[in-house]
Every structure is written in structure tokens, then in C-alpha cells.
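Q:
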Amino acid sequence: MREAADLIWADVELDDRWLGQDLHSVAPGEQRNGRNVLEKVQEIAKERANVEENPLEWPEKVLAAHCMDRVCRTILADYDCEHQADDQRLFSWLRRVIANILGACLTNLSVAVSMECICCKVEVREKSVREAAHILGEAEEVLTLLGDPEVARFWPEERQYIDNWRNEVESSSLDSSQHDLV
């Protein structure tokens, strides 16, 4: 899964492409709104995902396409439930969902790093510790991008509770949106 995410992220970030499709051509001109872009990205993903094969044998791009198809369907279903939903609401919803998922990952980071370092044989432990350090470095980059939220300063036993993260993200989101209105 991680290789799939890295592969797709590199295509998106470096080449502005999603599964071989130029992202600039996904929804041209007047058609470029959140719903149209989501529908087109889902269509591309659905074309690339071959669900007839065993999922354990899917190449990275097929796995990523399948995941993106499911994510887009979920987002579009929520978008359809919101009467007169607009791009601003869609972006706010996406931001909240991504923050919650990221928070769930980060609140469990100390446990994941500990398990990565101690769960294997001594012969394999050096590689595991190296991977754990890499994960920790990526998490520090994420926290920097998030503006180092207060949740990073929770006591270790409090970090495992996702509700603390969500409350912190939501309150900082409200503070920033009120600041934008001023």
C-alpha cells in the first residue's frame, strides 16, 4: 500500500498526472468544479482498477486506482447529500476528513514506532529501526506542514486518543476561518 501511495504521489506532485492522465485536462475550463473533477478522477480510477483479479496480486497502480475509486464514491455520496453543496464546503469537508485520518495515524505513531523496533529478530532489527526513524522523520515533516498543532505536545498517554486530535484540529480550523473573515 505504501509503495502505491508513493508511486501515485510522485506522479501527481512531479508530473501533474493521475494514473497517466494529465490533471490539467481532467475538467477543462467552465467544467472545472469540485464535482466534475471528482467524477472524472473516479472514472479514470475505475478504468484502471481491475477488480476481477485477486487483490493481493494487484500492482501498485491498480491498488491506488481502486482506493481512489472508493474514496471518490464516498466523497460524491456525501456531496450529493449536501443540498446545494459548493466547492468551499467540499474543500472544508475534505480538509476535516484528511485531518481526522492523519490524526488517527499520528496519534498511534509512538506505538507503531515502538512495535517496529522491538517486534522482530535481532538480525532484522537494524533495518526496522532505520524504517522507524524514517517514519518519524516523515511525521515531523507532516507536523511542520500542519503548523505544529498543540496535539504534538500532549502527554504520551493522551496521544493515543484520536478525539483529542480532532478537537484540536477543529478548534484551530474554526480559529483560522474566523480570522479569515476579519
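All letters in the sequence shown, in the order written, are residues 1413 to 1594 by the working numbering.
Yeah, the Cβ is synthetic: ideal placement off N, Cα and C, and Gly gets one too.
Nothing here was measured: the structure is a model prediction, and the numbers come from that model.
In this structure, does DSSP put R1429 in helix, strand or coil?
A: Within the sequence shown, the letter at position 17 stands for residue 1429. Reduced to three states, the DSSP call for R1429 is strand.
Q: Between A1457 and the rest of its own chain, which residues show a CB-CB distance below 6 Å, the 5 nearest in sequence each way excluded?
A: In the sequence shown, residue 1457 corresponds to position 45, counting from 1. So the qualifying residues of the chain are A1477, M1480, D1481.
Q: For A1416 and I1510, I'd like the C-alpha separation in whole angstroms.
A: For the purposes of this step, residue 1416 is taken as the residue at position 4 of the sequence shown. For the purposes of this step, residue 1510 is taken as the residue at position 98 of the sequence shown. Roughly 18 Å between the two C-alpha positions.
Q: On the three-state DSSP scale, how would you describe D1423?
A: In the sequence shown, residue 1423 corresponds to position 11, counting from 1. Helix at D1423.
Q: Looking at A1545: is its Cβ nearer than 9 Å to the Cβ of A1524?
A: For this step, residue 1545 is matched to residue 133 along the sequence shown. For this step, residue 1524 is matched to residue 112 along the sequence shown. Cβ distance not < 9 Å, so A1545 and A1524 don't count as in contact.
Q: Just mark R1444 as buried or exposed, buried being the case when its beta carbon has 16 or more other beta carbons within 10 Å.
A: Position 32 of the sequence shown holds residue 1444. The residue in question, R1444, is exposed, as its Cβ has fewer than 16 Cβ neighbours within 10 Å.
Q: If you reduce the DSSP assignment to three classes, tell me which class D1434 lands in.
A: The residue labelled residue 1434 in the question sits at position 22 within the sequence shown. Strand.
Q: What distance in whole Å lies between the Cβ atoms of R1537 and C1529, which are believed to be in contact at a cut-off of 8 Å?
A: Reading the sequence shown from its first residue, position 117 is the one you call residue 1529. Reading the sequence shown from its first residue, position 125 is the one you call residue 1537. So it is a contact: roughly 7 Å between Cβ atoms.
Q: Taking the CB atoms as reference points, tell me whether C1484 and E1451 lie closer together than 9 Å.
A: Sequence index remark: in the sequence shown, residue 1484 carries index 72 (1-based). Sequence index remark: in the sequence shown, residue 1451 carries index 39 (1-based). Yes; because the gap between Cβ atoms is below 9 Å, this pair is in contact.
Q: Once the 5 residues before and after L1468 are set aside, which same chain residues still bring their CB inside 7 Å of it?
A: Here residue 1468 refers to the residue found at position 56 when the sequence shown is read from its first residue. Closer than 7 Å at Cβ, skipping near neighbours: no residue.
Q: Starting from R1485, follow the alpha helix (DSSP H) in both directions and report where the run begins and ends.
A: Here residue 1485 refers to the residue found at position 73 of the sequence shown. Unbroken alpha helix (DSSP H) run through R1485: 1472-1493.
Q: What number of angstroms, rounded off, separates the C-alpha of D1499 from the C-alpha of E1535?
A: Here residue 1499 corresponds to residue number 87 of the sequence shown, with the count starting at 1. Here residue 1535 corresponds to residue number 123 of the sequence shown, with the count starting at 1. Distance between the alpha carbons of D1499 and E1535: 52 Å.
Q: Between R1454 and L1488, which are expected to be in contact by the criterion C-beta below 8 Å, what is the C-beta distance as a whole number of angstroms?
A: For the purposes of this step, residue 1454 is taken as residue 42 along the sequence shown, with counting starting at 1. For the purposes of this step, residue 1488 is taken as residue 76 along the sequence shown, with counting starting at 1. First, the amino acid is wrong: residue 1454 is Gln here, not Arg. Between L1488 and Q1454 the Cβ distance is about 7 Å, and since that is below 8 Å, they are a contact.
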